[in-house]
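As structure tokens, the structure follows; a few thoughts come after it.
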Ligand code: DGY
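Residue numbers (this note's numbering): 48 to 365.
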């Protein structure tokens, strides 16, 4: 009998073709929107494998609805804060994700946000489009450059290190980082510092850590108050930032410029006050959105599903 597999979205084209070649009893959500929770709870009943995205909450309720035959869950994401890992593992279900493959795409976009925020790209584009562009003027739309500045990386994992590599090419003079543990032989030669030091000494701060109980809301009003008027970029998860506090910090001019690829909630409603600040650049969670990376992510996820269904160790296992 073919294994029952639930896939919660249409995949990028090559991965979608590969999926359709499999001998699966497949239910795939066909709309270009998240599968509604009640449909997910209904469709997961009796499945052997679940291919999900970061938009689906994987919790006790869902696992109960699935039933004891569920062998493998594979998320098409590197982040897994949407999954109750403990609950999944305690039921002996294999769990896979997509590390490494989105490092370059996400690091590129993080750099884009850092440069875009510090060089006032939002204001510059609006000025050109809105007819505010007058004669060349020496002080108009000046931002700051990275030459000899200090970069602070929160979370020196794969993505943090790749962001550091890239930003060093823009002249960054010193790299510091904070996180759970020191990485003594990191290739950036970055110094491990307490979070408070990172806040006080960085000209550019990039958030590249996972969202956990320890990092949730770590960028609150107190943290913003301790920063120099730096460039602040978050391409990790919205929950790491206390968003109301960020709004307050922007109002009080505590932060120089902000670049966000992640927010709470997602999507961030167009009426949200964060959009009103000319020095706050917001993108709709597109860090890994390149054709190459999304194909790779979907293929890795499918690889995890295929291995799990054969009771083999997952190639990319949490
Ligand atoms: C992830 O995979 O966790 C990213 O946030 C989306 O690509």
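A virtual CB, placed ideally from N, CA and C, is assigned to each residue, including glycine.
Which of helix, strand or coil DSSP assigns to residue i
| i | result |
| --- | --- |
| residue 197 | strand |
| residue 116 | coil |
| residue 126 | coil |
| residue 281 | strand |
| residue 173 | helix |
| residue 72 | strand |
| residue 236 | coil |
| residue 168 | helix |
| residue 100 | coil |
| residue 105 | strand |
| residue 352 | helix |
| residue 158 | helix |
| residue 364 | strand |
| residue 333 | coil |
| residue 135 | helix |
| residue 148 | coil |
| residue 342 | helix |
| residue 59 | coil |
| residue 310 | coil |
| residue 316 | coil |
Any non-hydrogen atom of ligand 1 within 6 Å of residue i CB
| i | result |
| --- | --- |
| residue 126 | yes |
| residue 335 | yes |
Residue(s) in a DSSP beta bridge with residue i
| i | result |
| --- | --- |
| residue 225 | 201 |
| residue 141 | 119 |
| residue 327 | 305 |
| residue 266 | 288 |
| residue 53 | 74 and 97 |
| residue 91 | None, per the DSSP bridge assignment. |
| residue 82 | Answer by DSSP bridge pairing: none, since residue 82 is not bridged. |
| residue 409 | The question about residue 409 has no answer, for the chain in this structure spans 48 to 365. |
Close-in-space but distant-in-sequence residues of the same chain around residue i (CB under 7 Å, 5 per side omitted)
| i | result |
| --- | --- |
| residue 208 | 233, 234 and 235 |
| residue 195 | 218 and 220 |
| residue 285 | 309, 310, 311 and 313 |
| residue 73 | 52 and 54 |
| residue 270 | 246 |
Cβ neighbours of residue i in the same chain (closer than 6 Å, five flanking residues each side left out)
| i | result |
| --- | --- |
| residue 263 | 286 |
| residue 335 | 149, 152 and 153 |
| residue 122 | 99 and 144 |
| residue 5 | Outside the modelled stretch of the chain, which goes from 48 to 365, sits residue 5, for which no answer is possible. |
Nonlocal neighbours in the same chain, by C-beta distance under 8 Å from residue i, ignoring five residues either side
| i | result |
| --- | --- |
| residue 244 | 223 and 225 |
| residue 115 | 138 |
| residue 163 | 169, 306 and 328 |
| residue 290 | 310, 311 and 321 |
Quiz item: Hey, which unbroken runs of the alpha helix (DSSP H) at 4 residues or more fall wholly within the segment 176 to 220?
Solution: Taking only runs of at least 4 residues, the alpha helix (DSSP H) segments lying wholly in the segment 176 to 220 are 205 to 215.
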